[in-house]
Every structure is written in structure tokens, then in C-alpha cells.
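Structure first, commentary second.
Residue numbers (full-length UniProt numbering): 1 to 157.
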């Protein structure tokens, strides 16, 4: 058997060197792993593999528990957000209904105002407004040029 990694060592930075990475990825073993594979008894290798699997299982179970608690918390938040969303949709529907009613009321008021405006335009040309300066009532009221303001309550007669 001939080694395929003559320039690779346990200190080789495989991620920095594309050539070393391609050699490492071709299915070859790391030198330390290869040494252990050929020098240690199979019982030791199996025990190490079992230990590693057990450690990974424990780690994965802990991660799973964390994820489940996070999912439960997020599920509660989602339910709360759904409730708020439903309340907001109900409020929106009510607001839209009120808006439609207000638009209808505004149209009615606008139509009534237009009818009154037409009526007044038709009626006003027939009436004449007295010229203020020529009003006889105002000329007969005696008044000084500078009149003092008096806001006192007048006695009842």
C-alpha cells in the first residue's frame, strides 16, 4: 500500500491549500487516524467509536431539548400574534364599515347642500338688500365720535 498524502501532516492547513484539500478529500485518512487504525486493537477502536457516538447522542439530545423549548415558546408567541392579528382584522372591518357610512352621509349632506344652494341662487335675485349707508335708521341714532366702551350691566327698568 502506497500513501497518497506524502506532503500532508497533522499540521497541514487543508482549508488554506486547495491542492492539499483535494488530496485530503479524495478519501484518504489523516495520518494520526491511519496510525490508530493499524496499531490499536479493534476493541479499543469500537470502544472509542461507541464513546464518541454516545457523546454525540447526549449532545444532540440536549440540543433537541433546547430546540423543543424554543419551539414551544415560539408557538405561544405565534398564537398570541394570531389573536392580535384577528383583533386587528375585526377592527379594520369595523373601520371600513364606518368609513362607508361616513362617505354615504357626506354624499347625502353634499347633495342637500347643492339643492339648498340652487334654491338660494334662484330665490336671491328676486330680493334686494338695502344699502347700509342709505339706511334711515342708522342716521337717526345720536353717537359721539369717540364713544367709551361700557360693559356694565344695565339696571332693569
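All C-beta atoms, glycine included, are put in the ideal place defined by N, C-alpha and C.
| Cα-Cα separation, residue 131 to residue 105 | With a pLDDT of 49 at residue 131, under the threshold of 50, the modelled position of that residue is not reliable, and the figure given next carries that caveat. Rounded to whole angstroms, residue 131 to residue 105 spans 39 Å at the Cα level.
| field | For residue 79 and residue 37, the rounded distance between their alpha carbons | value | 54 Å
| request: Rounded to whole angstroms, what's the CA-CA distance from residue 96 to residue 149? Just pull it up for me. | output: Just so you know, the alpha carbons of residue 96 and residue 149 end up roughly 55 Å apart.
| query | Taking the continuous alpha helix (DSSP H) assigned at residue 56, which residues delimit it? | reply | 42-123
| field | Between the CA atoms of residue 102 and residue 118 - distance to the nearest angstrom | value | Distance between the alpha carbons of residue 118 and residue 102 is about 24 Å.
| Separation of residue 85 from residue 112, as counted between CA atoms | When rounded, the distance between both Cα atoms is 40 Å.
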